[in-house]
Amino acid sequence: MAGQVPEGTPAGAAVEVSDGLVRTHYGTHGTVDHCGLPVTGAGADDLAARQLALFAARGEPVEWRVPADAAPGMTAALTRAGFVQGWSRSVLAARASDLPAVEGISAAGGVTAHARVRQMDTRTGLEAGRVLDAARRSGPHRLAFDQARADGPAWWHQAPVFVLESDGRLIAASWGERLRGTSFAAVNGWTQVRPELLAIWRAWALRNKIPYLLTEADDGRAAELGDAGFLAVSALTSYHWAPDSPAARTRPVSPLHDTEYDRIWDAFEASFRFRPGITSVPAITEPAQSVTWHLESTDAHAPAAAEMNAIIEGALLRCAQQGEELYWLDWQHASYRFDPHRAGQPGQPPWPGAACPDGDYYIYLAEDLRMGTFGHPWEPSLCVFGASLLAQVENDLTRLLGQVLRRGGNKQPNTWTYHHPDPE
Numbered sequence: 008m009a010g011q012v013p014e015g016t017p018a019g020a021a022v023e024v025s026d027g028l029v030r031t032h033y034g035t036h037g038t039v040d041h042c043g044l045p046v047t048g049a050g051a052d053d054l055a056a057r058q059l060a061l062f063a064a065r066g067e068p069v070e071w072r073v074p075a076d077a078a079p080g081m082t083a084a085l086t087r088a089g090f091v092q093g094w095s096r097s098v099l100a101a102r103a104s105d106l107p108a109v110e111g112i113s114a115a116g117g118v119t120a121h122a123r124v125r126q127m128d129t130r131t132g133l134e135a136g137r138v139l140d141a142a143r144r145s146g147p148h149r150l151a152f153d154q155a156r157a158d159g160p161a162w163w164h165q166a167p168v169f170v171l172e173s174d175g176r177l178i179a180a181s182w183g184e185r186l187r188g189t190s191f192a193a194v195n196g197w198t199q200v201r202p203e204l205l206a207i208w209r210a211w212a213l214r215n216k217i218p219y220l221l222t223e224a225d226d227g228r229a230a231e232l233g234d235a236g237f238l239a240v241s242a243l244t245s246y247h248w249a250p251d252s253p254a255a256r257t258r259p260v261s262p263l264h265d266t267e268y269d270r271i272w273d274a275f276e277a278s279f280r281f282r283p284g285i286t287s288v289p290a291i292t293e294p295a296q297s298v299t300w301h302l303e304s305t306d307a308h309a310p311a312a313a314e315m316n317a318i319i320e321g322a323l324l325r326c327a328q329q330g331e332e333l334y335w336l337d338w339q340h341a342s343y344r345f346d347p348h349r350a351g352q353p354g355q356p357p358w359p360g361a362a363c364p365d366g367d368y369y370i371y372l373a374e375d376l377r378m379g380t381f382g383h384p385w386e387p388s389l390c391v392f393g394a395s396l397l398a399q400v401e402n403d404l405t406r407l408l409g410q411v412l413r414r415g416g417n418k419q420p421n422t423w424t425y426h427h428p429d430p431e
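Numbers 8 to 431, taken from our numbering, label the letters of the sequence shown in order.
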């Protein structure tokens, strides 16, 4: 379990494995976890100094989680390097079948005499807001709820959040994740240890054929979990370092939750009169300052698609102001806000998405709507709009894609338009 590398990289993060460590850079902060091998001797000082230099170069505060079996070689070295000791916690594990069951509660939830337990939709802002408030008032947690939610689809698709309610009021919540490639799921946080939550974790793990549950807790919470069937198997101590200057406040790439998702989509649909549909060609009212090219293919793995994406990304990077964030929108799917100057380079998280549509509408967009791209998967075509962006890409895209299909929404001479047959 030590040094577990996430199967899906968290949104906005860059994960690196070296020197027996898993190092995760979030842009706002970073973490270091051991891969299970104890560090001893003089190598500990070199290791601590190298890691600190990496985080200092990025301006990221760092939390280094030291397991008990690595402590003999690391604690003094980290202190000498300038790290400050922080929290200490127990690492606990339980066989799922050993946790207590509660009559009427299954993996789908259930109702007792006084309360209801169920799984929450992790993408719904109103629901998540209630859990976020409760999580901030409790803890410490293995992974804070706001950090887990910021991980985006990599977390949403494998991370249950269970809530216990009475008369519409949140009593307690617990969240976790499947740890792919292991026999464990991690319970990352408990606002309270309640029998109903223990029971639904038990039922959920058994239904998903996960034998063991892992969690972390301080002394008081560890005692409660011990009474419920968890056993202490190790311990962790954290060490912290922070640069003198303030760190970035947002990750380089952040998933859009429902309020921001709705706001930017509403603005796009109103301004561009977006008309989705297989037979809707063009699907937007193309601005006066726009050029549209026909795409021979929307194969995202084709060399031309890769070159087209590189041209668009380079131009957006040059046109975006320092500190300006852009959007990548995927119709009816996960969408993102990102800083093009903090993503896409070595050691940084990748840009979200692509310009070339791959089965649905793909859109790059400035928040003020002055520039962007619109990929239509069924025409198929790519529209680039905004004078500054067009000045950067028009020659290169015409060379790559061929003759212009429309300019300012007007069909150009000697071009053809393909209309997909009506599926009805």
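Using N, Cα and C, we set each Cβ at its ideal position, and we do this for glycine too. Because the structure is a prediction, the values reported are computed rather than measured.
Under 8 Å between C-beta atoms of residue i and residue j
{"i": "GLY236", "j": "ALA101", "result": "yes"}
{"i": "LEU323", "j": "TYR371", "result": "yes"}
{"i": "SER97", "j": "ALA224", "result": "yes"}
{"i": "VAL391", "j": "LEU404", "result": "yes"}
{"i": "VAL69", "j": "THR38", "result": "yes"}
{"i": "SER287", "j": "ALA157", "result": "no"}
{"i": "THR305", "j": "PRO364", "result": "yes"}
{"i": "ALA212", "j": "LEU220", "result": "yes"}
{"i": "ASN402", "j": "ALA362", "result": "no"}
{"i": "LEU204", "j": "ALA179", "result": "yes"}
{"i": "ALA103", "j": "ARG209", "result": "yes"}
{"i": "PRO50", "j": "HIS247", "result": "According to the sequence shown, residue 50 is Gly rather than Pro. Cβ distance not < 8 Å, so GLY50 and HIS247 don't count as in contact."}
{"i": "LEU177", "j": "ALA274", "result": "no"}
{"i": "SER342", "j": "LEU232", "result": "no"}
{"i": "PHE152", "j": "GLY196", "result": "yes"}
{"i": "ALA61", "j": "ALA88", "result": "The question names Ala, yet the displayed sequence has Leu at residue 61. Not in contact: LEU61 and ALA88 (Cβ atoms no closer than 8 Å)."}
{"i": "GLY360", "j": "PRO384", "result": "no"}
{"i": "GLY175", "j": "PRO17", "result": "no"}
{"i": "GLY66", "j": "SER278", "result": "no"}
{"i": "ARG123", "j": "GLU172", "result": "yes"}
Which residues DSSP lists as bridging residue i, in chain order
{"i": "PHE392", "result": "SER297 and GLY379"}
{"i": "ASP337", "result": "TYR369"}
{"i": "LYS418", "result": "ARG413"}
{"i": "PHE169", "result": "GLN126 and SER181"}
{"i": "ALA193", "result": "GLU184 and LEU221"}
{"i": "PRO262", "result": "TYR343"}
{"i": "TYR246", "result": "TRP71 and GLN92"}
{"i": "VAL118", "result": "ARG123"}
{"i": "HIS41", "result": "LEU28"}
{"i": "LEU238", "result": "ALA100"}
{"i": "ALA21", "result": "HIS32"}
{"i": "GLY252", "result": "The sequence given here has Ser at residue 252, not Gly. According to DSSP, SER252 bridges with nothing at all."}
{"i": "ARG176", "result": "SER173"}
Cβ-based burial, residue i [other Cβ within 10 Å; buried from 16]
{"i": "ASP40", "result": "buried"}
{"i": "ASP346", "result": "buried"}
{"i": "ALA64", "result": "exposed"}
{"i": "ALA230", "result": "exposed"}
{"i": "GLN419", "result": "exposed"}
{"i": "LEU238", "result": "exposed"}
{"i": "ALA394", "result": "exposed"}
{"i": "HIS426", "result": "Unreliable positioning characterises HIS426 in this predicted model, as indicated by a pLDDT of 48, which lies under 50. A coordinate reading is not provided."}
{"i": "GLN399", "result": "buried"}
{"i": "THR244", "result": "buried"}
{"i": "HIS148", "result": "buried"}
{"i": "ASP337", "result": "buried"}
{"i": "SER25", "result": "exposed"}
{"i": "SER181", "result": "buried"}
{"i": "HIS340", "result": "exposed"}
{"i": "ALA312", "result": "buried"}
{"i": "GLY188", "result": "exposed"}
{"i": "ARG256", "result": "exposed"}
{"i": "ALA120", "result": "exposed"}
Proximal residues to residue i (C-beta, below 6 Å), its chain only, five neighbours per side dropped
{"i": "ALA206", "result": "ALA108, VAL109 and ILE112"}
{"i": "ILE217", "result": "ALA192"}
{"i": "ARG414", "result": "VAL298"}
{"i": "PRO430", "result": "Residue placement at PRO430 is flagged as unreliable, the pLDDT there being 46, under the threshold of 50; the coordinate-derived value follows with that caveat. Contacts found: none."}
Same chain, Cβ closer than 8 Å to residue i, five either side skipped, listed in chain order
{"i": "SER241", "result": "PRO74, ALA75, ASP76, SER97 and VAL98"}
{"i": "LEU397", "result": "GLN296, SER297, VAL298 and VAL391"}
{"i": "TRP358", "result": "VAL260, GLU320, TRP335, PHE345, PRO347, ALA350 and GLY351"}
{"i": "ARG57", "result": "ASP26"}
{"i": "SER190", "result": "ILE217, PRO218 and TYR219"}
{"i": "ALA83", "result": "ALA51"}
{"i": "ALA327", "result": "LEU333, PRO347, HIS348 and ALA373"}
Neighbourhood of residue i by C-beta, 7 Å cutoff - its chain only, sequence neighbours within 5 removed
{"i": "PRO202", "result": "PRO107 and VAL109"}
{"i": "ARG349", "result": "GLY34, PRO259 and GLN355"}
{"i": "GLU134", "result": "MET127 and ASP128"}
{"i": "SER388", "result": "THR299, TRP300, HIS301, LEU302 and LEU412"}
Start-end ranges of the beta strand (DSSP E) lying completely within the stretch 55-109, minimum 3 residues
69-74 and 91-102
Ranges of the beta strand (DSSP E) found wholly within the stretch 271-334, counting only runs of at least 3:
297-301
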